[in-house]
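Right, one structure below, let's go through it.
In the numbering used here, the protein residues as written are 71 to 509.
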């Protein structure tokens with residue numbers, strides 16, 4: 071009898087533990103009903119410094135109970151944090167706000183430093199300074215040669231029928247001895263490089279490459295003539311590049327450069343910014359090599375911050391359904407590159423048309439963005455609402471957060487936007503942590 075009692079007690083104990091490990095279904099909070107706090111890591115003093123900001127809207131807004139892609143992203147990131155293994159590729163596309171790469175670089179630095187041992191790699195970069203346009207402040211390209219720069223803007227025709235790629239820009243040089251140098255600049259995370267992918271002329275590459283003082287570190291070089299890129303592998307990591315191009319024959323086509331991917335063997339997150347001053351969705355959709363290049367370095371997370379230029383027109387001329395159709399096409403390219411990619415649809419900031427007229431098109435873009443988020447079970451980051459909605463850019467300008475053009479932010483404004491953006495990401499992480507996932 072005593073043994074029967076012991077067995078019964080043991081059974082009850084195991085049953086109780088098992089029941090405690092099961093999360094009741096009625097305790098699972100659907101993503102679209104989760105109560106997100108106003109602040110996560112941001113200093114709550116901002117509420118009194120900038121009281122006009124709608125902090126309660128600073129989150130990833132889900133319009134469905136579940137989001138398989140964002141749940142997948144969370145699982146991958148959580149596993150990477152736990153094991154210190156693996157890589158994730160984040161992308162962020164926009165116009166001049168992203169070409170400047172201020173708040174997007176704040177996000178990059180945060181992701182590279184927030185979790186110990188997950189510095190990651192730099193991802194895509196483009197030599198905008200050689201194309202004679204503003205270059206992000208966190209890296210620098212230099213060259214003694216003369217370069218011609220081209221950007222994928224319809225009002226900037228060139229002598230080429232150009233097949234732009236992912237970054238939407240290209241430089242060319244006709245010299246016989248060409249040198250390009252790269253170095254990190256003004257960044258707390260100069261991620262090491264031991265693998266460089268150079269996107270260049272399609273076809274058999276008619277140039278020989280030499281890496282200057284680091285040539286001894288080159289242990290393998292491969293070429294992909296069909297997609298137009300070369301991979302260079304180094305035995306040891308470096309933080310600068312000195313690439314020399316020498317023609318293999320007397321007469322060769324001029325050198326075309328579409329961008330570089332800077333990689334390493336470290337676990338972590340790469341954060342690639344895609345931005346062209348004046349670009350809209352229609353601009354990137356015309357880039358014939360966008361999708362094929364994206365597939366060579368597929369995304370796990372893709373933030374879309376495109377719409378300022380699309381909506382920078384009169385109310386009568388703006389076609390919301392065209393904007394929605396274009397955004398959906400961009401989303402589908404990312405999903406073809408990786409069907410599990412998490413897509414963050416960000417609503418553009420409030421702005422004025424020609425500095426004088428309230429731009430009511432942003433609210434119309436927001437309606438289209440929300441519709442797509444509902445259809446694809448993705449998330450929305452509503453910067454327009456966070457700012458305060460229609461006309462709020464004047465308040466931001468009066469508080470030194472926006473420039474006088476009422477479109478772009480000041481440096482202080484971009485960094486503040488970066489804090490909001492990072493805080494929203496951390497709230498998403500918390501939300502997923504408290505939402506039991508299906509493994």
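Note that CB positions come from ideal geometry on N, CA and C, so glycine has one too.
Practice item. For residue 75, name the three-state secondary structure that DSSP assigns. Key: Sequence index remark: in the chain shown, residue 75 carries index 5 (1-based). Residue placement at residue 75 is flagged as unreliable, the pLDDT there being 40, under the threshold of 50; the coordinate-derived value follows with that caveat. In the structure shown, residue 75 sits in a helix (DSSP, three-state: H, G or I).
Point to revise | residue 452 in three-state terms, based on DSSP | key: Residue mapping note: residue 452 aligns to position 382 of the chain shown, counting from 1. Residue 452 sits in a strand when the DSSP states are folded into three classes.
Exercise for review: Ignore the nearest five residues each way along the sequence and tell me which others in residue 151's own chain have a CB closer than 8 Å to its CB.
Suggested key: The residue labelled residue 151 in the question sits at position 81 within the chain shown. Within the same chain, residue 151 has close Cβ partners 185 and 188.
Point to revise | Pick from 126, 364 and 259 that is closest to residue 51, judged by C-alpha positions | key: Because the chain in this structure spans residues 71 to 509, residue 51 falls outside the shown range and cannot be described.
**Study point:** According to DSSP, residues forming a beta bridge with residue 510
**Key:** Since the first residue shown for the chain is 71 and the last is 509, residue 510 is missing from the structure and cannot be characterised.
Review point. Taking DSSP as the reference, what is the three-state secondary structure of residue 314?
Key: Working through the chain shown from its first residue, we reach residue 314 at position 244. DSSP places residue 314 in strand when its eight states are reduced to three.
Exercise for review: Under the assumption that residue 448 contacts residue 415 (Cβ atoms under 8 Å), give the Cβ distance between them as a whole number of angstroms.
Suggested key: Along the chain shown, read from residue 1 onward, the residue named residue 448 stands at position 378. Along the chain shown, read from residue 1 onward, the residue named residue 415 stands at position 345. The beta-carbon distance between residue 448 and residue 415, rounded to whole angstroms, is 6 Å. This is short enough to meet the 8 Å contact definition.
Check your understanding: According to the neighbour-count rule (16 or more other Cβ atoms, all chains shown, within 10 Å of its Cβ), is residue 221 buried or exposed?
Key -> To locate residue 221, count along the chain shown from 1; it is residue 151. Classification for residue 221: buried.
Exercise for review: For residue 500, I'd like the list of residues in its chain whose CB is within less than 6 Å of its CB, leaving aside the five on either flank, ordered along the chain.
Suggested key: In the chain shown, counting from the first residue as 1, residue 500 sits at position 430. So the list is empty, once near-sequence residues are dropped.
Review point. Taking residue 201 as the reference, which of 191, 217 and 193 has the closest Cα?
Key: Looking up residue 201 in the chain shown gives position 131. The alpha carbon of residue 201 has as its nearest neighbour, out of 191, 217 and 193, the alpha carbon of 217.
Practice item. Quick one: grab the DSSP three-state call for residue 87. Key: Within the chain shown, residue 87 is the residue found at index 17, counting from 1. Reliability fails at residue 87, whose pLDDT of 36 lies under 50, so the model's placement of it is uncertain and no value is given.
Practice item. Please classify residue 321: does DSSP put it in a helix, a strand, or coil? Key: Within the chain shown, residue 321 is the residue found at index 251, counting from 1. In the structure shown, residue 321 sits in coil (DSSP, three-state: anything other than H, G, I, E or B).
Point to revise | residue 391 classed as buried or exposed, judged by whether at least 16 other C-beta atoms fall within 10 angstroms | key: Along the chain shown, read from residue 1 onward, the residue named residue 391 stands at position 321. With fewer than 16 Cβ atoms within 10 Å of its Cβ, residue 391 is classed as exposed.
Check your understanding: Should residue 278 go down as buried or exposed, given a rule of 16 or more other Cβ atoms within 10 Å for buried?
Key -> Working through the chain shown from its first residue, we reach residue 278 at position 208. So residue 278 counts as exposed.
Review point. If you draw a straight line from the C-alpha of residue 191 to the C-alpha of residue 269, how long is it?
Key: As a first step, residue 191 must be located in the chain shown, where it is residue number 121. As a first step, residue 269 must be located in the chain shown, where it is residue number 199. Straight-line Cα distance between these residues: approximately 18 Å.
Check your understanding: What residue ranges within the stretch 360-416 form continuous beta strand (DSSP E) runs of no fewer than 3 residues, ordered along the chain?
Key -> Runs of the beta strand (DSSP E) inside the stretch 360-416: 371-375.
Check your understanding: Where does residue 267 fall in DSSP's three states?
Key -> In the chain shown, counting from the first residue as 1, residue 267 sits at position 197. Note: residue 267 maps to strand in three-state DSSP.
Check your understanding: Mind pulling the alpha helix (DSSP H) runs of 4 or more residues that sit fully within the stretch 267-313?
Key -> Secondary structure remark: continuous alpha helix (DSSP H) runs of at least 4 residues inside the stretch 267-313: none found.
Point to revise | Buried versus exposed, by CB contacts within 10 Å (16 or more), residue 402 | key: The sequence position of residue 402 within the chain shown is 332, counting from 1. With fewer than 16 Cβ atoms within 10 Å of its Cβ, residue 402 is classed as exposed.
**Study point:** Counterpart residues of residue 211 in DSSP-defined beta bridges
**Key:** The residue labelled residue 211 in the question sits at position 141 within the chain shown. In the DSSP output, where bridge partners are listed per residue, residue 211 has 252.
Review point. In whole angstroms, what separates the C-alpha of residue 400 from that of residue 382?
Key: Position 330 of the chain shown, counting from 1, holds the residue named residue 400. Position 312 of the chain shown, counting from 1, holds the residue named residue 382. Distance between the alpha carbons of residue 400 and residue 382: 19 Å.
Review point. Among 205, 296 and 287, which has the Cα closest to the Cα of residue 303?
Key: Taking the first residue of the chain shown as position 1, residue 303 is located at position 233. Nearest option by C-alpha distance: 287.
Exercise for review: Check the DSSP bridge columns for residue 501 and list the partner residues they point to.
Suggested key: As a first step, residue 501 is located in the chain shown; it is residue number 431 there, counting from the start. Its beta-bridge partners do not exist; DSSP assigns none.
Practice item. Report yes if the C-beta distance between residue 264 and residue 334 is below 8 Å; otherwise report no. Key: Reading the chain shown from its first residue, position 194 is the one you call residue 264. Reading the chain shown from its first residue, position 264 is the one you call residue 334. The answer is yes: Cβ separation under 8 Å.
Practice item. Could you pull out every unbroken alpha helix (DSSP H) segment of at least 4 residues lying fully inside the stretch 123-161, listed in chain order? Key: 138-153
Practice item. Look at the alpha carbon of residue 459 and the alpha carbon of residue 420, and state the distance between them as a whole number of angstroms. Key: Counting from 1 along the chain shown, the entry for residue 459 is found at position 389. Counting from 1 along the chain shown, the entry for residue 420 is found at position 350. Their Cα atoms are separated by approximately 6 Å.
Review point. Among 105, 99, 129 and 102, which residue has its Cα nearest to the Cα of residue 455?
Key: Indexing the chain shown from 1 puts residue 455 at position 385. When each option's Cα is compared against that of residue 455, the closest is 129.
Point to revise | the stretch 303-319 / the stretch 129-139 touching (three or more Cβ pairs under 8 Å) | key: The stretch 303-319 makes no contact with the stretch 129-139: fewer than 3 CB pairs, one atom from each, lie closer than 8 Å.
Check your understanding: By DSSP, does residue 342 sit in helix, in strand, or in coil?
Key -> Position 272 of the chain shown, counted from the start, is the residue given in the question as residue 342. In this structure, residue 342 counts as strand in the three-state DSSP scheme.
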